[in-house]
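**Q** Residue numbers (our numbering): 2 to 93. Every residue, glycine too, gets a C-beta built ideally from N, C-alpha and C.
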Amino acid sequence: MVSPKTCHRFVEFLEEEAVKTYTYLLEDMEHGHLDEWCTLTAPLIGRSYYDLPDDAKVYDMIKCIRVDEASHNDMKHVFDQKRTVHRFVGLQ
2 MVSPKTCHRF VEFLEEEAVK TYTYLLEDME HGHLDEWCTL TAPLIGRSYY DLPDDAKVYD
62 MIKCIRVDEA SHNDMKHVFD QKRTVHRFVG LQ
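(1) What number of angstroms, rounded off, separates the C-alpha of Leu15 from the C-alpha of His32?
(2) Spatial neighbours of Cys39 within its chain, please: C-beta separation below 7 angstroms, excluding the five flanking residues on both sides.
(3) Quick test of the definition: if touching needs 3 or more C-beta pairs under 8 angstroms, does the segment 8-26 touch the segment 63-70?
(4) Here's the rule I'm using: 16 or more other beta-carbon atoms within 10 Å means buried, otherwise exposed. How should Arg10 be labelled?
(5) How about Glu53 and Gly47: are their beta carbons less than 9 angstroms apart?
(6) How would you label Met62, buried or exposed, when you count the other beta carbons within 10 angstroms and need 16 or more for buried?
(7) To the nearest angstrom, report how far apart Glu37 and Cys8 are at their CA atoms.
(8) If we call anything under 9 angstroms between Cβ atoms a contact, is Leu130 one with Leu26?
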């Protein structure tokens, strides 16, 4: 088994990498490497989830996804600082 703390740290690492990846993707889009993504309309599911306008582009959606990932990572830091036992530990 792996300790909860190790699992939390691993997930934290994955979320930090996701933020970096989305940042690199946005930079590539801004520098003209993915022009079609900058002009392509974001899919309905993304526009709905992030409450984007009908004419929102994939670029706009990716920015929202990056913010979402960053906020997950921030919350992981908050929960990692807690020293309490998880509420489901010991339940059968």
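**A** Checking against the coordinates, here is how it stands:
(1) On the sequence shown, residue 15 is found 14 positions in, with the first residue counted as 1. On the sequence shown, residue 32 is found 31 positions in, with the first residue counted as 1. Computed Cα separation, rounded: 26 angstroms.
(2) Along the sequence shown, read from residue 1 onward, the residue named residue 39 stands at position 38. Result list for Cys39: Met30, Lys58 and Tyr60, in chain order.
(3) Yes: at least three Cβ pairs fall under 8 angstroms.
(4) Stepping through the sequence shown from its first residue, residue 10 is reached at position 9. It is exposed - the Cβ of Arg10 has fewer than 16 other Cβ atoms within 10 Å.
(5) As a first step, residue 53 is located in the sequence shown; it is residue number 52 there, counting from the start. As a first step, residue 47 is located in the sequence shown; it is residue number 46 there, counting from the start. It should be pointed out that residue 53 corresponds to Leu in this sequence rather than to Glu. Cβ atoms of Leu53 and Gly47: closer than 9 angstroms.
(6) In the sequence shown, counting from the first residue as 1, residue 62 sits at position 61. That one is buried.
(7) By one-based count along the sequence shown, residue 37 stands at place 36. By one-based count along the sequence shown, residue 8 stands at place 7. Glu37 and Cys8 have their C-alpha atoms some 38 angstroms from each other.
(8) No answer is possible for residue 130: the residues shown for the chain start at 2 and end at 93.
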